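First comes the structure, then the notes that go with it.
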Amino acid sequence: MPSLALSAAEAAAWRDQLHASGKRLVFTSGCFDILHAGHVRYLHQARALGDALVIALNSDASVRLLKGPSRPINSQDDRAEVLLALTAVDAVVIFDEPRTTSLIHLLRPHLFAKGGDYSLDTLDPEERQALDSIPSEIHLLPALPGRSTTAALAKLALPPRLPRLGILGSGEGSNFATLLDAIADGSLPAEVALVLSDNPQARILQRARDHGIDAAYVDPGPHPNRFSPAAQQAVSDQFQAANCDLIVCAGFMRRLKDPVLRDFAGRIVNIHPSLLPAFPGREAWAQAFAADVPETGCSVHLIDAGIDTGPILAQAKVPRLPSDTVDDLRRRIQAAEHQLFPAAIRDLLASLPPRPST
Ligand code: GAR
């Protein structure tokens, strides 16, 4: 359904019609995210000041700036639709700026209403100046005690939302299994939303399904090592649809590019079997073995556009023993990965706000 909100220009033309017929326009503004009786009472009082009421409604982006990444609960178009169902509301205009100054100049409202939590001194000085220049009568209306969106949300007492992981893997999925163990024992407060693989036979897919977790194959395209543009798009779309906060590459053997990198910037983590920046790329344990280094290990890092080059979050060292075969070394690196990865993801999630929904 297209937005029922007016454009600023449409609202200005409407204001001129009202003015020509001797009617007075009341202007107010706000987020109106979860409508409650306090809003309804306030809007009726505002409407009664004049002959028509226009609401300058904060856009989704501006609500996010004001209230944090978990808001708004309802999209700007839904909020506009709900407001317009009220008998008190004649028009809604969505605005994106931090202040309504330019809308005030454009609409030149006869009256301006604001909730009683404001006083003439705490009105935004720029908006106040715009109102005085019209001039527009300013009315501060009393708030209805105990009614607020914050109070409504608190009453719902929703359990805190667990961060949602989207997992990418190409093979065995032993690291994925340790993440599931850590989630089960409470040491990793998260949930796995979806597992994707570029390999339809990958054991990681079966492991996910065995745990009742959604799992799907993504066709990587014709190249044996690359991930096609359509595959990149599919990964981004599917993880966004599953509302994932973090993408976890647990043995994923292809390079991620846009739109995944852009859509999940700073939210893609990888485990790599070497002490990066040493031995990026494939079979890092075998590279370290061939280079005869006395110690190697594993790294957890954020993914950027390079090959295993993103910021390193955590590392564990693994010495190469004189008796080691290449497989021994690999096995001991993997054992270190299984310790390091869940803890590094837990620490990362602790500093990562939920991904804003789009
Ligand atoms: C892990 O050792 C991981 O470090 C490596 O693949 C293995 C996957 O094992 N990843 C890379 O080499 C990425 N460059 P798993 O499927 O049993 O977790």
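Letter by letter, the sequence shown follows residues 264 to 621 of this note's numbering.
All residues carry an ideal CB built from backbone N, CA and C; glycine is no exception.
Fair warning: this is a prediction, and the values are worked out from it, not measured in the lab.
Across which residues does DSSP place residue i in a beta bridge pair?
i       : result
Tyr-480 : Ser-460
Asn-337 : Answer is none; Asn-337 lacks a bridge partner.
Phe-290 : Val-317, Phe-375
Lys-520 : Beta-bridge pairing links Lys-520 to no other residue.
Val-303 : DSSP, once it has assigned bridges, lists no residue as partnering Val-303.
Lys-580 : Gly-560
His-535 : Ser-562
Glu-454 : Arg-427
Ile-575 : His-564
Leu-269 : Val-356
Contact check, residue i vs residue j under 8 Å by CB: the rounded distance?
i       : j       : result
Val-458 : Ala-478 : 4 Å
Glu-390 : Ile-367 : 6 Å
Leu-428 : Ala-354 : Going by Cβ atoms, the distance from Leu-428 to Ala-354 rounds to 43 Å, so no, they are not a contact pair.
Leu-539 : Asp-571 : 6 Å
Leu-369 : Ala-275 : 5 Å
Val-356 : Ala-271 : 6 Å
Leu-267 : Val-289 : 19 Å between Cβ atoms; not a contact.
Arg-287 : Asp-323 : The pair is not a contact, with the Cβ atoms about 31 Å apart (cut-off 8 Å).
Glu-558 : Pro-582 : 5 Å
Pro-426 : Leu-509 : 6 Å
Gly-301 : Ser-396 : Not confirmed; about 31 Å, so no contact.
Cys-512 : Leu-612 : The pair is not a contact, with the Cβ atoms about 15 Å apart (cut-off 8 Å).
Using 10 angstroms around the beta-carbon of residue i, count the other beta-carbons present and answer buried if the total reaches 16, otherwise exposed.
i       : result
Tyr-480 : exposed
Ser-325 : buried
Ser-562 : buried
Pro-483 : buried
Thr-588 : exposed
Thr-413 : exposed
Pro-605 : buried
Arg-545 : exposed
Ser-284 : exposed
Ala-453 : buried
His-486 : exposed
Thr-385 : exposed
Asp-461 : buried
Thr-350 : exposed
Ser-382 : exposed
Leu-321 : Residue identity differs from the one stated: residue 321 is Asn in this sequence, not Leu. Buried: at least 16 other Cβ atoms inside 10 Å.
Gly-537 : Checking the sequence shown, residue 537 turns out to be Ser, not Gly. With 16 or more other Cβ atoms within 10 Å, it is buried.
Asp-279 : exposed
Glu-273 : exposed
Arg-525 : exposed
Gln-495 : buried
Gln-597 : buried
Gly-573 : buried
Ser-586 : exposed
Gln-339 : buried
Leu-316 : buried
Figure out for me which residue from the options has the closest Cα to the Cα of residue i.
i       : options                            : result
Lys-580 : Leu-603, Thr-572, Asp-587          : Leu-603
Arg-466 : Ala-440, Leu-519, Pro-585, Val-455 : Ala-440
Ser-437 : Asp-461, Pro-372, Phe-515          : Phe-515
Ala-456 : Ser-450, Cys-507, Gly-449          : Cys-507
Leu-281 : Asp-610, Val-345, His-373          : His-373
Leu-419 : Pro-557, Ile-297, Gln-392, Glu-435 : Ile-297
Gly-434 : Ala-471, Gly-378, Phe-290          : Ala-471
Val-345 : Phe-358, Ser-450, His-299          : His-299
Ala-549 : Pro-361, Gly-449, Arg-594, Asn-337 : Arg-594
Asp-555 : Gly-432, Ser-322, Leu-592, Asp-473 : Leu-592
Asp-473 : Pro-492, Asp-395, Leu-443          : Leu-443
Pro-398 : Asn-488, Arg-371, Ala-417, Pro-361 : Arg-371
Leu-328 : Pro-361, Asp-387, Leu-615, Arg-525 : Pro-361
Gln-578 : Arg-618, Pro-463, Asn-533          : Asn-533
Ile-608 : Ala-541, His-302, Leu-576, Gln-495 : Leu-576
Cys-294 : His-307, Arg-278, Ile-336          : Ile-336
Ala-551 : Ile-566, His-564, Leu-565, His-535 : His-535
Pro-616 : Gln-339, Gly-529, Gln-597, Ser-586 : Gly-529
Pro-405 : Leu-306, Ile-476, Ala-348, Leu-416 : Leu-306
Ala-343 : Cys-512, Phe-358, Ser-333          : Phe-358
Lys-520 : Gln-503, Ala-541, Ala-568          : Ala-568
Ala-348 : Val-303, Pro-388, Arg-334          : Val-303
Leu-451 : Trp-277, His-601, Arg-618, Ser-292 : His-601
Ala-599 : Ser-292, Gln-392, Arg-489, Gly-560 : Gly-560
Asp-500 : Gly-409, Leu-421, Phe-527          : Phe-527
Ala-376 : Ser-365, Asp-341, Thr-291          : Thr-291
Pro-619 : Leu-316, Lys-330, Ala-319          : Lys-330
Quick one: does the C-beta of residue i sit closer than 7 Å to a heavy atom of the ligand ZN?
i       : result
Ile-467 : Of the ligands one can find in the structure shown, namely the ligand GAR, none is the ligand ZN.
Compare the C-beta of residue i against all C-beta atoms of chain D and say whether one is closer than 8 Å.
i       : result
Val-455 : Any reference to chain D falls outside this structure, which holds one protein chain only.
request  = With a floor of 4 residues, list each alpha helix (DSSP H) that falls wholly inside the region 465 to 514, ordered by position along the chain.
outcome  = 466 to 473, 492 to 504
task = Identify every run of the beta strand (DSSP E) within the region 352 to 437, keeping only runs that are complete inside it and at least 3 residues long; order them along the chain.
result = 354 to 358, 374 to 378, 400 to 404, 427 to 431
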